[in-house]
Amino acid sequence: MRIATWNVNSLKARMDRVLDWLERAQPDVLLMQETKLGDDDAPLLPFRMRGYEMVHHGEGRWNGVAIASRLPIDASSVVTNFGDGPVRDSGPGSATNVSEEDFNPFDEARMLSAVVADIRIVTLYAPNGRAVGSPFYTGKLAWFDRLERWLRDNASATDALVVGGDMNIAPTDADVWDAAKVHGGTHVSADERAAFAELLSWGLVDGYRSIRPESGRFTWWDYRAGNFHKNYGMRIDHLLLSPPVADRLVWAEIDREARKGVPIPSDHAPLFVDLDERGTEVDAGWEGALQRIAARTRR
DNA sequence: ATGGTGGCCCGGCCA
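In terms of our numbering, the first sequence opens at residue 3 and continues consecutively.
Written out as structure tokens, the structure reads:
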């Protein structure tokens, strides 16, 4: 079973790239972020024609998250915005921006979850934060607090769980091209990294890092200044796996090819994990599962 | 050191 995540930076603008990638990479489940669509504009039919159901949670002009799956999505399991109610409409004709004082990441379409193949999938688009210490940064940290509370209240690390997406956090200095150059900025601050570490201490495993120890592997590169070609990037997109899922992990990869070419693709590359075909029931072998994961993880 | 690019939709915001 292949589970992927990709910040597509406008699903409308990237439709051809995304559909081509589905054909090439054959993910069973694709978590998407920054679709920049309202739900009424979600392109359900083109995905359906390729065998993928899609659930979408959007607001119009910005943000927007989705799950596409060629395994059945349990419609009764869908959760949006941490179950906290509707998000704002940022589509045409609506207010186009909010002041710092009015910024509230919970007004925005950043969280969608559904159960697929007995695994609870969570697709996340974390706030960017803009500048350390700004209200947007404070809101980012509050948003991670809400995520952690939602996990505590609605899930257990003994559940089969994949929490993925554009987290906008590079967990360690090995996840950025130059720690000195990014020091002081968002994505790498101590508080953001603590929020990420909190997810791991709750019980989630960083799927990619758990089996890929090398530095210099990124999921995002700024469009500007030829950063992609210089590999000036950050590993800010993640697939965090609860132990029953992590125990099935056989491979993880970032498809850098998808960041290349014309017309220009998203500034993020897709990340995927491959799981073996065992089920996710590990009750009988829980300790063994944890030991296998620990033995495999090299940090 | 600054500014570089690309999405939204058409002036400026957001990443």
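Note that beta-carbon positions come from the ideal geometry of N, C-alpha and C, so glycine has one too.
(message) In the DSSP assignment, the beta strand (DSSP E) including residue 169 goes from what residue to what residue?
(response) Against the first sequence, residue 169 aligns to sequence position 167. Element bounds for residue 169: n/a, residue is neither H nor E.
(request) Following the continuous alpha helix (DSSP H) through residue 212, name the residue where it begins and the one where it ends. (result) Start at 1 with the first residue of the first sequence, and residue 212 comes out as number 210. Taken as a continuous stretch (DSSP letters only), the alpha helix (DSSP H) holding residue 212 covers 209–213.
(message) My parser needs the beta strand (DSSP E) runs of 3 or more residues fully inside the segment 112–196; what are they?
(response) 113–118, 121–127 and 163–168
(request) Provide the residue(s) that pair with residue 4 in DSSP beta bridges, ordered along the chain. (result) In the first sequence, the residue the question calls residue 4 occupies position 2. DSSP output for residue 4 lists 276 as bridge partner(s).
(request) Please classify residue 223: is it buried, with 16 or more other beta-carbons within 10 angstroms of its beta-carbon, or exposed? (result) Sequence index remark: in the first sequence, residue 223 carries index 221 (1-based). Buried.
(request) State buried or exposed for residue 227, treating a residue as buried only when at least 16 other CB atoms are found within 10 Å of its CB. (result) Here residue 227 corresponds to residue number 225 of the first sequence, with the count starting at 1. With fewer than 16 other Cβ atoms within 10 Å, it is exposed.
(request) Starting from the C-beta of residue 132, find all residues in its chain whose C-beta is less than 8 Å away, skip the five residues before and the five after it, and write them out in chain order. (result) Start at 1 with the first residue of the first sequence, and residue 132 comes out as number 130. So the list reads 138, 139 and 188, once near-sequence residues are dropped.
(message) How far does the beta strand (DSSP E) with residue 55 in it extend, from its first residue to its last?
(response) Start at 1 with the first residue of the first sequence, and residue 55 comes out as number 53. Its beta strand (DSSP E) spans residues 55–59.
(request) Whole angstroms is fine: what's the gap from residue 308's alpha carbon to residue 164's? (result) Any answer about residue 308 is impossible in this case: the structure gives the chain only from 3 up to 301.
(message) Check this for me: beta carbons of residue 256 and residue 299, under 7 Å apart or not?
(response) Counted from its first residue, the first sequence places residue 256 at position 254. Counted from its first residue, the first sequence places residue 299 at position 297. No, the pair does not count as a contact, with Cβ atoms beyond the cut-off.
(message) With a threshold of 8 Å on Cβ separation, who are the neighbours of residue 282 within its own chain once the five nearest residues in sequence on each side are excluded?
(response) The sequence position of residue 282 within the first sequence is 280, counting from 1. If we look at residue 282 and ignore the five residues flanking it on each side, its Cβ neighbours are 120, 121, 162, 246, 247 and 250.
(message) Please list the terminal residues of the continuous beta strand (DSSP E) segment that includes residue 35.
(response) In the first sequence, residue 35 corresponds to position 33, counting from 1. Note, residue 35: beta strand (DSSP E), 31–35.
(message) Going by DSSP, what residue range makes up the beta strand (DSSP E) through residue 70?
(response) Numbered from 1 along the first sequence, position 68 holds the residue referred to as residue 70. Looking at the DSSP string, the run of the beta strand (DSSP E) that includes residue 70 is 67–71.
(request) Name the residue from 12, 232 and 144 whose alpha carbon lies nearest to the alpha carbon of residue 218. (result) Position 216 of the first sequence, counted from the first residue, corresponds to residue 218. Among 12, 232 and 144, the Cα nearest to that of residue 218 is on 232.
(message) Helix, strand or coil, according to DSSP, for residue 238 in the structure here?
(response) The count along the first sequence starts at 1 and reaches residue 238 at position 236. Coil.
(request) Give the secondary structure of residue 64 by DSSP, where H, G and I count as helix, E and B as strand, and everything else as coil. (result) Here residue 64 is taken as the residue at index 62 of the first sequence, counted from 1. Looking at residue 64 - three-state DSSP - the assignment turns out to be coil, as it is neither helix nor strand.
(request) Could you give the DSSP three-state label for residue 266: helix, strand or coil? (result) Along the first sequence, one-based indexing puts residue 266 at 264. Residue 266: coil per DSSP, three-state reduction.
(message) Along the chain, where does the alpha helix (DSSP H) containing residue 27 start, and where does it finish?
(response) In the first sequence, residue 27 corresponds to position 25, counting from 1. Segment 13–27, the alpha helix (DSSP H) holding residue 27.
(request) Please confirm whether residue 143 and residue 67 have their CB atoms less than 7 Å apart. (result) As a working mapping, residue 143 is identified with position 141 in the first sequence. As a working mapping, residue 67 is identified with position 65 in the first sequence. No, they are not a contact pair.
(request) Assign residue 173 to buried or exposed, taking buried as 16 or more other Cβ atoms, counted over all protein chains shown, within 10 Å of its Cβ. (result) If you number the first sequence from 1, residue 173 lands on position 171. Counting Cβ neighbours within 10 Å, residue 173 comes out buried, since at least 16 surround it.
(message) Assuming residue 216 is part of the beta strand (DSSP E), what are its boundary residues?
(response) As a working note, residue 216 is residue 214 in the first sequence. Premise fails: residue 216 is in no beta strand (DSSP E) and is neither H nor E.
(message) Please report the distance separating the alpha-carbon of residue 92 from that of residue 109.
(response) Numbered from its first residue, the first sequence carries residue 92 at position 90. Numbered from its first residue, the first sequence carries residue 109 at position 107. Taking the straight line from one Cα to the other gives about 10 Å.
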